[in-house]
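Remarks on the structure that follows.
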Amino acid sequence: MLLPLAAASPIYQYGDTQPQVTTSAGVVVGKVAQLQFAPTKTVHQYLGIPFALSPPDRFAPPTGLEPWTTPLNATEFKPAYDNLKSIFNETPLAESEDCLYLNVFTPSTPAPSAGRPVMFWIHGGSLQFGSASLPLYDGSAIAANQNVIVVSTNYRMNLFGFPASPEIPTDRQNLGFLDQRKALQWVHQNIRAFGGDPSRVTIFGESSGGYSVKQLIANPPEPLPFQAAIIQSQALGAEGSGKESWLKLVEELGCNSTTSQLQCVKSASLDRIIPLLNRQALVFPPAIDNKTNIGNFGDAVIQYTAAPVPVLIGTNANEGTALTSVMPPSQRMIEYIFRNDTRSQKLARAAYPVNIPENQLKANILTDHEYTCTTSAIADTLANASYKVWRYYFTAAFPNTQPFPGAGAWHTSEIGLIFGTYPRDNRTTVQQSLLSRYMQRTWADFATDPEVGPGWAPVSGAEEDLQVIGSGESWGEPIASEVIDQICSVYSSAIYAQGF
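Here the sequence shown stands for residues 1 to 500, where the numbers follow UniProt numbering.
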């Protein structure tokens, strides 16, 4: 099932002048864009800047750039990495194995001498699909409106980003995470040339992008290339065994009788691999290498090996409504969560109405366990270890962003409001525009001064320590987190026992 999403709106028109900057590898030429809905504001866009060499062969780690001698034309998005089929009906993008590029969006006005705050975006997609080139993630509006610099990056995904070959050392299997780190390193080295302050980089991401942010906190690079983190609806999403997927892939490609199965897969054409991955529904989650991906985030926090940075974290009220088509039956979901604990399985089922429709039950279980309660555990663990952490709960829904009636505040539905790329059509409301401005400002204010926070009480800092976004006259209303977390008494023991 593909979900029919409203397309993100084009938000700018192009001018004639071409800004340029000098990076460590050479001159980069961008373009000027005028915001369509704020014609007095312009941004500079630098699209498709390489942050690493194109890998010399499939499954090679990212390596440093070689200088170029003529100016680099950075005026068009580069292809996405080779994607698995998304459950979202997104506009198809050009795809290529040559995808290690990022995009930089800056205000067109001169930067202060100290530089502007930088927001580094990691897209979601279960680490199996997605791209920084999607119109939804265009950083122009938030850069122009909030006087920040936005960077969005591609990274390798699915088989190509997380190959589970036994011939590849474990610490070199999470290529997608290594790509993200390489892009952050590029930002640290080059963002001052774009008017950014390398000491004020905030990483933010949604879904598996939020999971990636969490892992960067748990396994911080050295030197630390970010000062704060925003985790939106974090989840890995890709369930299954990468090793089993690899064995199935090897078998289907006819590589199981060769001396080197890895070399055989490396030489197979994309025309063979991509349809096979989709047809067999093969997923490749990241390996636990304790270098880029730790099994239990809580361990890193408790042991104080995690990055000591302020964190803004939250979820949406109806995360699961748009994801039921890819979920197993509700009873299997409960059995998977609680394993052999039949008593807890019964208690979990009893927490929901007897006659609730199956799809609604699946959506509620997924929302409650995977998102609300896991995020509550992450936030509480950080707060109990004296980290500065703020939590939000997004509840807004608008007619022109609903994939079907009753979807509510579904998974990913906040992103267009944060980036200012929500649809502009005859159903757009004033409330939608105002909420977008509020969320842009809140995210940017946190990136600008994360020690102060986004404007409400930190977790455990007051009785009302959860900000409900999408309601109230000011678009934000503080409540006690216990109001949202009542259901977590059902799931907490399993979440803490299994790690998060």
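Glycine residues also receive a C-beta, built at the ideal position from the N, C-alpha and C atoms. On a predicted model such as this, the values are computed, not experimentally measured, just so you know.
{"Check": "At what residues does the beta strand (DSSP E) containing residue 113 begin and finish?", "Outcome": "Residue 113 -> no beta strand (DSSP E), and no H or E assigned at all."}
{"Check": "Quick one: Cα of residue 480 to Cα of residue 463, how far?", "Outcome": "6 angstroms"}
{"Check": "According to DSSP, is residue 312 part of a helix, a strand, or is it coil?", "Outcome": "strand"}
{"Check": "Just grab the DSSP bridge partners of residue 220 for me.", "Outcome": "Answer is none; residue 220 lacks a bridge partner."}
{"Check": "Between residue 75 and residue 47, which are expected to be in contact by the criterion C-beta below 8 angstroms, what is the C-beta distance as a whole number of angstroms?", "Outcome": "6 angstroms"}
{"Check": "Need the endpoints of the beta strand (DSSP E) that residue 206 sits in, please.", "Outcome": "196–206"}
{"Check": "Assess, as a yes-or-no matter, whether the region 447–454 is touched by the region 488–497 under the definition of 3 or more beta carbon pairs within less than 8 angstroms.", "Outcome": "no"}
{"Check": "Take residue 131 as the anchor and find which of 114, 113, 145, 153 has the nearest alpha-carbon.", "Outcome": "153"}
{"Check": "Which partner residues does residue 26 have in the DSSP bridge list?", "Outcome": "23"}
{"Check": "With distances taken between CB atoms, is the gap from residue 313 to residue 394 smaller than 8 angstroms?", "Outcome": "no"}
{"Check": "Within this structure, are the beta carbons of residue 561 and residue 142 separated by less than 8 angstroms?", "Outcome": "Residue 561 lies beyond the residue range present for the chain, which begins at 1 and ends at 500; the question has no answer from this structure."}
{"Check": "Among 202, 209, 26, 484, which has the Cα closest to the Cα of residue 177?", "Outcome": "209"}
{"Check": "Look up residue 228 in the DSSP assignment and say whether it is helix, strand or coil.", "Outcome": "strand"}
{"Check": "With a CB to CB cut of under 7 angstroms and the five nearest residues on each side skipped, what residues in its chain are close to residue 67?", "Outcome": "25, 26"}
{"Check": "Is it a yes or a no for the region 186–194 touching the region 308–327, going by three-plus beta-carbon pairs under 8 angstroms?", "Outcome": "no"}
{"Check": "DSSP beta-bridge partners for residue 80?", "Outcome": "95"}
{"Check": "Along the chain, where does the beta strand (DSSP E) that runs through residue 495 open and close?", "Outcome": "From DSSP, residue 495 is part of no beta strand (DSSP E) but of the alpha helix (DSSP H) over 488–498."}
{"Check": "Rounded to whole angstroms, what's the CA-CA distance from residue 197 to residue 434? Just pull it up for me.", "Outcome": "29 angstroms"}
{"Check": "Please report the distance separating the alpha-carbon of residue 106 from that of residue 376.", "Outcome": "34 angstroms"}
{"Check": "Find the nearest neighbour of residue 307 within the set 253, 35, 214, judged by alpha-carbon distance.", "Outcome": "214"}
{"Check": "Provide the residue span of the beta strand (DSSP E) that contains residue 193, from first to last.", "Outcome": "It is not in any beta strand (DSSP E) - residue 193 carries neither H nor E in the DSSP assignment."}
{"Check": "State the Cα-Cα distance for the pair residue 147 and residue 21, rounded to the nearest angstrom.", "Outcome": "18 angstroms"}
{"Check": "Short of 6 angstroms in beta carbon distance, which residues of its chain neighbour residue 234, apart from the five on each side in sequence? Order them along the chain.", "Outcome": "210, 211, 214"}
{"Check": "Go through the region 385–425 residue by residue and report every complete run of the beta strand (DSSP E) that reaches 3 residues or more, in order.", "Outcome": "389–394"}
{"Check": "Distance check for residue 337 and residue 493, CA to CA, integer angstroms please.", "Outcome": "10 angstroms"}
{"Check": "What residue range is occupied by the uninterrupted beta strand (DSSP E) comprising residue 31?", "Outcome": "31–35"}
{"Check": "If you follow the beta strand (DSSP E) that residue 552 is part of, which residue opens it and which one closes it?", "Outcome": "Lying before the first or after the last residue shown, residue 552 is absent from the chain, which here runs from 1 to 500."}
{"Check": "With three or more beta-carbon pairs closer than 8 angstroms as the criterion, would you say the region 247–260 touches the region 132–139?", "Outcome": "no"}
{"Check": "Apart from the five residues on each side of it in sequence, which residues of its chain come closer than 8 angstroms, Cβ to Cβ, to residue 341?", "Outcome": "494"}
{"Check": "Among the candidates 145, 249, 117, 120, whose CA atom is the shortest distance from the CA of residue 42?", "Outcome": "145"}
{"Check": "If you reduce the DSSP assignment to three classes, tell me which class residue 122 lands in.", "Outcome": "strand"}
{"Check": "Which two residues bound the contiguous alpha helix (DSSP H) that contains residue 365?", "Outcome": "358–365"}
{"Check": "Taking a contact to mean a Cβ-Cβ separation below 8 angstroms, would you say residue 61 touches residue 181 in this structure?", "Outcome": "no"}
{"Check": "What span of residues does the alpha helix (DSSP H) with residue 242 cover, start to end?", "Outcome": "242–252"}
{"Check": "Please name the residue in 427, 425, 421, 40 whose C-alpha comes closest to that of residue 515.", "Outcome": "With the chain represented from 1 up to 500, any question about residue 515 goes unanswered, as that position is not in the structure."}
{"Check": "Would you mind working out which of 499, 290, 447 sits nearest residue 200, comparing C-alpha positions?", "Outcome": "447"}
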